[in-house]
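In UniProt numbering, the protein residues as written are 1 to 490.
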DNA sequence: GCCGGCCCAC
């Protein structure tokens with residue numbers, strides 16, 4: 001069978017050029033429709049500059065589904081402008097109409113680019129097509145506002161939801177509180193909670209979210225107060241409530257309290273589950289209590305609670321960090337023998353462990369092994385390996401891994417660029433500075449905003465090595481990004 | 001997964 005690329009670039013495009021409408025109908029009527037392959041589609045979009053060519057190719061494919069769109073968007077996630085281009089082109093497809101979740105993804109991408117004009121245009125388009133916006137849409141927008149430091153804007157968004165044709169209810173209220181809490185705004189969330197808890201009839205979930213918010217800030221006493229208030233108002237804590245507090249104690253470094261709380265939970269009627277055990281295994285391991293963590297792990301099976309992949313991941317990570325990679329790999333093998341399928345996290349943990357132990361080659365072996373379990377290295381996987389190569393001074397290998405990732409349909413993210421750019425200064429070679437400059441341009445192109453520090457580092461390097469011309473180019477890029485120091489003149 | 005466990009970096 002032909003690959004999609006061959007299919008669309010050699011067969012479909014030329015014939016479409018000759019008879020646009022007819023040939024696409026003709027195509028779907030006689031030949032079986034091409035099997036759209038998300039990787040090939042993403043690659044085509046990435047390497048094609050001409051937007052009309054992309055349009056022709058995308059419109060030629062007739063069997064678009066929301067799932068396929070979602071997969072392609074995920075692949076283009078770290079190239080926001082291209083992802084939006086893809087979404088917009090498909091939006092003009094003669095037969096395909098975007099789904100509500102498709103719009104949500106596009107809105108998420110635009111918001112991440114801080115392109116709020118596009119965000120609200122998409123919201124309006126969504127509404128005019130009667131696809132929403134839904135509470136989920138607003139949770140996405142609020143989350144992006146909060147994470148770019150505009151918490152007040154996020155609050156306004158929530159309060160104005162109904163003006164966009166989306167009713168506020170307990171679910172959207174809880175989702176919104178969660179957004180604030182997850183970005184460490186527990187105090188703000190709690191204020192809003194107190195204002196609106198009557199109107200939305202706040203439930204156990206609302207309280208759990210707030211308590212978790214304080215736990216994330218290591219304020220376990222505040223979390224407890226909130227829960228006490230919950231009980232006084234007649235709501236009953238759930239197992240999730242207890243698991244949140246348990247995790248909170250570990251996070252705050254209150255290990256004694258955590259352990260005591262765990263023992264109490266075992267005695268209570270609410271019982272404990274696999275999440276409880278995973279929390280304890282991880283929490284104990286992180287503070288170096290490896291033996292105790294192992295004991296808890298062994299104990300759970302006896303208690304009739306089966307470990308999940310996450311439980312194994314917790315133990316493996318703990319062994320990597322506080323014991324020895326070899327012991328971690330023994331557990332990894334044991335997990336396989338028991339019939340569990342490792343996930344990306346399992347691999348990432350093992351790979352990090354091997355890198356940390358200086359065993360880069362074996363780390364790469366595990367990267368190759370991932371496909372046996374139907375998973376692929378993700379950007380975090382590559383970042384780990386690239387980072388350790390950089391730390392070892394193996395810059396060529398780091399760059400080779402960068403090539404491998406871009407060739408293998410995995411787009412670099414902000415971390416990848418930061419790691420690579422900063423390592424381009426250690427060898428003091430002028431060639432490396434050119435690479436740094438190139439990477440800087442590429443990352444901006446893909447919608448990432450470099451720090452001021454990064455711009456200055458690259459600029460200084462280029463100026464010192466006599467690359468005035470290139471430096472000027474970077475400088476104008478920096479001004480377009482709004483990252484120039486105050487009072488700076490071009 | 002409407003809230004809770006496992007990847008996180010300098």
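Built from N, CA and C at the ideal position, the CB exists for glycine as well.
Predicted model, so just to flag it, every value in this text is computed and none were measured.
Query: Beta carbon of residue 36 nearer than 8 Å to that of residue 59; Result: no
Query: Residue 302 classed as buried or exposed, judged by whether at least 16 other C-beta atoms fall within 10 angstroms; Result: exposed
Query: Cβ neighbours of residue 212 in the same chain (closer than 7 Å, five flanking residues each side left out); Result: 181, 244
Query: Euclidean distance between Cα positions of residue 427 and residue 457; Result: 14 Å
Query: Cβ-based neighbour list, residue 80, same chain, cut-off 7 Å, excluding 5 preceding and 5 following; Result: 109, 112, 113, 446, 447
Query: Residues of its chain near residue 354, where Cβ-Cβ distance is below 7 Å and the 5 sequence neighbours each way are ignored; Result: 325, 362, 363, 366
Query: Residue nearest to residue 330 in terms of C-alpha spacing, selected from 299, 315, 480; Result: 315
Query: Three CB pairs or more closer than 8 Å across the stretch 47-67 and the stretch 366-386; Result: no
Query: Cβ neighbour criterion (16 or more within 10 Å) applied to residue 468; Result: exposed
Query: Whole-angstrom distance between residue 402 and residue 203, CA atom to CA atom; Result: 48 Å
Query: Proximal residues to residue 317 (C-beta, below 6 Å), its chain only, five neighbours per side dropped; Result: 349
Query: For residue 466 and residue 183, the rounded distance between their alpha carbons; Result: 43 Å
Query: Endpoints, alpha helix (DSSP H) assigned at residue 394; Result: Looking at the DSSP string, residue 394 is not in any alpha helix (DSSP H), and its letter there is neither H nor E.
Query: CA nearest to the CA of residue 133, picked from 152, 161, 483; Result: 161
Query: Closest residue to residue 285 among 251, 265, 306 (Cα-Cα distance); Result: 251
Query: Buried or exposed (CB count within 10 angstroms, at least 16 for buried), residue 172; Result: buried
Query: Length-filtered (4 minimum) alpha helix (DSSP H) runs lying within the stretch 157-191; Result: 170-182
Query: Helix, strand or coil at residue 483 [DSSP, three-state]; Result: coil
Query: Given residue 170 as reference, the closest of 125, 193, 345 once Cα atoms are compared; Result: 193
Query: Close-in-space but distant-in-sequence residues of the same chain around residue 87 (CB under 6 Å, 5 per side omitted); Result: 106
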